[in-house]
Ligand SMILES: [Zn+2]
């Protein structure tokens, strides 16, 4: 900003200079945080008084830290068009519960401290394009009655809990610079988007974005990056701060709504990812052994790979048990048990292989086995396993079907 000090009239169209104030440095654009606060106020008052169209053209103005207590009043109490592009606020900004009747332009503004607009009401267009909040950007409970543009803005943390967006909302980054990043916590809990088809999301990173009890129906999420979780296979996971157990219903609902949005746009791959999250919350919520089993066996009927591996494990386990119990040739079967070279019989692995091929797989396929377990208990166990294996095979078929139906 220092370089611009001499030519603020040229750079910012400085109204103070244009009004004939030649003193150096210019009170509006002086970057000195210790600048004369009463003189700064006096200047704002004069600019306000001279404005004949209720506009405050304050581009590039540097607001000293101490002015912020009366900031709203010095900016016309919400009755002036605020042109604050590239302005810098050195102190914390508090516009809580203030009403802005005219448009507010804060494009490229820099907030050195927390900026709070909680419970504020914006009756007109608001622009924060490229604004930089070096700390928190707080918009909880704010009401945006007209369009609001947050493209390319940045912050440490953004809170839009319970905010109401009644018109267009734009949250867009660029391919090489996503809006938000992995460390930016963004809270949209219980936010309301009255016109979801006017929510524009592009190149947005929602890895740390909480969407509990937010009405998401109709919003196009195609430009959004989501967080992932999972040790073995990555899958999409919505961000949340509270322990999962306390917010299952809300999470399930959020997954469902995002899934519906993707389905409406025929993006079935993404929809499937969110379906898994939805089912997971639903089944975990219902708790119990069945849910755990359903998850373990096939990721809620959603992973053919997992279902297949578990199916193989079950077959192998059955064969191992039969092997341990010992096998004998089935009556009438032309089958000789393999014997080891030293006459002590086959190794465990060979015997297991035989049990798998000539007993387990045959009985599962309802054909005549060539060997049978020597012990009745192994036979009974195997019959039970056959039921489990059939169910697992059905789950595998279900998961495959789901994968290819989409
Ligand atoms: Zn100036």
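Numbering (this note's numbering), first residue to last: 1 to 406.
For glycine and all other residues, C-beta sits at the position ideal for the given N, C-alpha and C.
Whole angstroms are fine: how far does the CA of residue j sit from the CA of residue i?
i           : j           : result
residue 359 : residue 232 : 33 angstroms
residue 310 : residue 319 : 14 angstroms
residue 96  : residue 280 : 39 angstroms
residue 315 : residue 324 : 14 angstroms
residue 164 : residue 289 : 42 angstroms
residue 395 : residue 295 : 11 angstroms
residue 86  : residue 269 : 42 angstroms
residue 204 : residue 101 : 30 angstroms
residue 162 : residue 194 : 12 angstroms
residue 363 : residue 329 : 14 angstroms
residue 398 : residue 159 : 42 angstroms
residue 384 : residue 285 : 29 angstroms
residue 77  : residue 66  : 18 angstroms
residue 183 : residue 49  : 44 angstroms
residue 116 : residue 139 : 6 angstroms
residue 172 : residue 121 : 23 angstroms
residue 347 : residue 353 : 10 angstroms
residue 112 : residue 299 : 47 angstroms
residue 211 : residue 189 : 5 angstroms
residue 38  : residue 28  : 12 angstroms
residue 35  : residue 264 : 56 angstroms
residue 72  : residue 79  : 10 angstroms
residue 9   : residue 177 : 32 angstroms
residue 99  : residue 123 : 7 angstroms
residue 305 : residue 283 : 20 angstroms
residue 375 : residue 357 : 19 angstroms
residue 331 : residue 366 : 17 angstroms
residue 257 : residue 156 : 27 angstroms
residue 239 : residue 209 : 6 angstroms
residue 131 : residue 234 : 34 angstroms
residue 214 : residue 152 : 23 angstroms
residue 20  : residue 236 : 60 angstroms
residue 407 : residue 254 : For the chain, the structure presents residues 1 to 406; residue 407 sits outside this window and is missing.
residue 355 : residue 308 : 20 angstroms
residue 241 : residue 185 : 10 angstroms
residue 326 : residue 261 : 57 angstroms
residue 407 : residue 273 : Here the chain has residues from 1 to 406 only, and residue 407 is not among them.
Secondary structure at residue i, three-state DSSP: helix, strand or coil?
i           : result
residue 9   : helix
residue 67  : helix
residue 245 : helix
residue 88  : strand
residue 83  : strand
residue 239 : strand
residue 2   : Since pLDDT at residue 2 reaches only 45, below the 50 mark, its modelled position is unreliable, and the value read off the structure follows with that caveat. DSSP places residue 2 in helix when its eight states are reduced to three.
residue 399 : helix
residue 97  : coil
residue 219 : coil
residue 38  : helix
residue 31  : coil
residue 46  : helix
residue 22  : coil
residue 251 : helix
residue 350 : helix
residue 51  : coil
residue 165 : strand
residue 404 : helix
residue 191 : coil
residue 175 : coil
residue 115 : strand
residue 202 : strand
For ligand 1, is there any heavy atom lying closer than 7 angstroms to the beta carbon of residue i?
i           : result
residue 415 : Nothing about residue 415 can be read from this structure; the chain reaches only from 1 to 406.
residue 28  : yes
residue 12  : yes
residue 8   : yes
Return no unless some Cβ of chain B is closer than 8 angstroms to the Cβ of residue i.
i           : result
residue 105 : Protein chain content of the structure displayed is limited to a single chain, and chain B is not contained in it.
Return yes when the C-beta of residue i is under 7 angstroms from any heavy atom of ligand 3, and no when it is not.
i           : result
residue 313 : Ligands present in the displayed structure are limited to ligand 1, and ligand 3 is not among them.
Residue ranges of each beta strand (DSSP E) within the segment 118 to 162, 3 or longer:
136 to 138 and 157 to 159
Is the segment 390 to 405 in contact with the segment 365 to 374, if contact means three or more CB pairs nearer than 8 angstroms?
no
Those runs of the beta strand (DSSP E) which lie wholly inside the segment 255 to 333 and span at least 3 residues
327 to 329
Pair every Cβ in the segment 244 to 256 with every Cβ in the segment 220 to 232, then say whether three or more of these pairs are closer than 8 angstroms.
no
Hey, which unbroken runs of the beta strand (DSSP E) at 3 residues or more fall wholly within the segment 357 to 391?
371 to 373
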